[in-house]
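K.L.:
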Amino acid sequence: DAHIHWQWTARSLYEVDVYEVPNKQVAVQRVAERIATSSPNDWITGHGWTQEFWDDKQFPTASDLDPISPNNPVYLRAKS
Numbered sequence: 010d011a012h013i014h015w016q017w018t019a020r021s022l023y024e025v026d027v028y029e030v031p032n033k034q035v036a037v038q039r040v041a042e043r044i045a046t047s048s049p050n051d052w053i054t055g056h057g058w059t060q061e062f063w064d065d066k067q068f069p070t071a072s073d074l075d076p077i078s079p080n081n082p083v084y085l086r087a088k089s
């Protein structure tokens with residue numbers, strides 16, 4: 010079955026890359042960098058973290074993201 014998912018490829022071109030970052034702090038930093046170049050109310054989306062690689066094994070939460078994104082909703086998806 011040779012096929013590709015164009016929609017995922019297209020999304021990856023504008024999403025925050027948190028693919029296999031080494032820890033939650035790096036993921037949050039990448040989101041903050043995107044917010045710095047975005048307009049208020051722009052959705053910030055990203056994909057690819059694997060919390061199993063991280064020391065605390067915890068998902069990013071609203072308490073991690075709200076302080077850096079008071080004017081932008083953030084939606085991140087894990088690698089799985």
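Be aware that the sequence shown starts at 10, since it is given in my numbering, and climbs by one per residue. Cβ coordinates follow ideal geometry from the N, Cα and C atoms, glycine included. Nothing here was measured: the structure is a model prediction, and the numbers come from that model.
1. Which residues does DSSP list as the beta-bridge partners of T54?
2. Grouping DSSP H, G and I as helix and E and B as strand, with all else coil, what is V25?
3. With H, G and I counted as helix, E and B as strand and the rest as coil, what does DSSP make of K33?
4. Do the region 12–19 and the region 40–48 touch if we need at least three Cβ pairs shorter than 8 Å?
5. Does R39 pass the burial test, meaning 16 or more other C-beta atoms within 10 Å, or should it be called exposed?
P.N.:
According to the structure data:
1. Y84
2. strand
3. DSSP, read as helix, strand or coil, puts K33 in helix.
4. no
5. buried
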